Amino acid sequence: MCQIFAGQDPDRYESVTRRLRLNGQSTSIRLERAFWRILDDIAAREGVSTPAFISKLYAEVLELHSEAPNFTSLLRCACTIHLGEDQRIAAIAAE
1 MCQIFAGQDP
11 DRYESVTRRL
21 RLNGQSTSIR
31 LERAFWRILD
41 DIAAREGVST
51 PAFISKLYAE
61 VLELHSEAPN
71 FTSLLRCACT
81 IHLGEDQRIA
91 AIAAE
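If you read the sequence shown in full-length UniProt numbering, its first letter stands for residue 1, the second for the next number, and so on.
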């Protein structure tokens with residue numbers, strides 16, 4: 001079982017830092033390459049760039065919660081939600 005996890009390509013979990021603007025402020029976000037790929041896919045499906053998608057998400061989090069104390073963790077969780085939706089869509093299509 002662990003071979004599935006342990007045997008993955010190290011490039012997949014390499015940390016990558018991207019610079020972008022959130023709320024008009026220049027910042028950087030560091031995530032594993034696999035999460036960046038998922039965020040790139042989400043943004044493409046939304047028809048926007050990845051920085052634009054992340055900026056919009058950040059603004060919505062601030063609107064809902066007045067703060068985003070651990071935004072990178074929120075991004076990772078958003079990726080898992082997205083993957084779960086893909087699995088549900090695939091299951092419905094298979095029926």
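For glycine and all other residues, C-beta sits at the position ideal for the given N, C-alpha and C. A quick note: this is a predicted structure, and the numbers were derived from the prediction, not measured.
Reduced DSSP category for residue i - H, G, I as helix; E, B as strand; rest coil
i, result
"Q25", "strand"
"E14", "coil"
"E67", "coil"
"G47", "coil"
"D41", "helix"
Alpha-carbon spacing of residue i relative to residue j, whole angstroms
i, j, result
"P69", "L75", "12 Å"
"A43", "V61", "17 Å"
"S66", "H82", "24 Å"
"F5", "R12", "11 Å"
"L57", "G7", "33 Å"
Closest by C-alpha distance to residue i, when choosing among the options
i, options, result
"S15", "C2, W36 and D41", "W36"
"C77", "A34, F5 and P51", "A34"
"residue 120", "P10, I4, E63 and T17", "With the chain covering only 1 through 95, there is no way to say anything about residue 120."
"T80", "E63, F53 and L39", "L39"
Whole-Å CB distance - residue i paired with residue j, under 8 Å assumed
i, j, result
"L22", "S55", "6 Å"
Residues that residue i bridges to, as DSSP identifies them
i, result
"R30", "T17"
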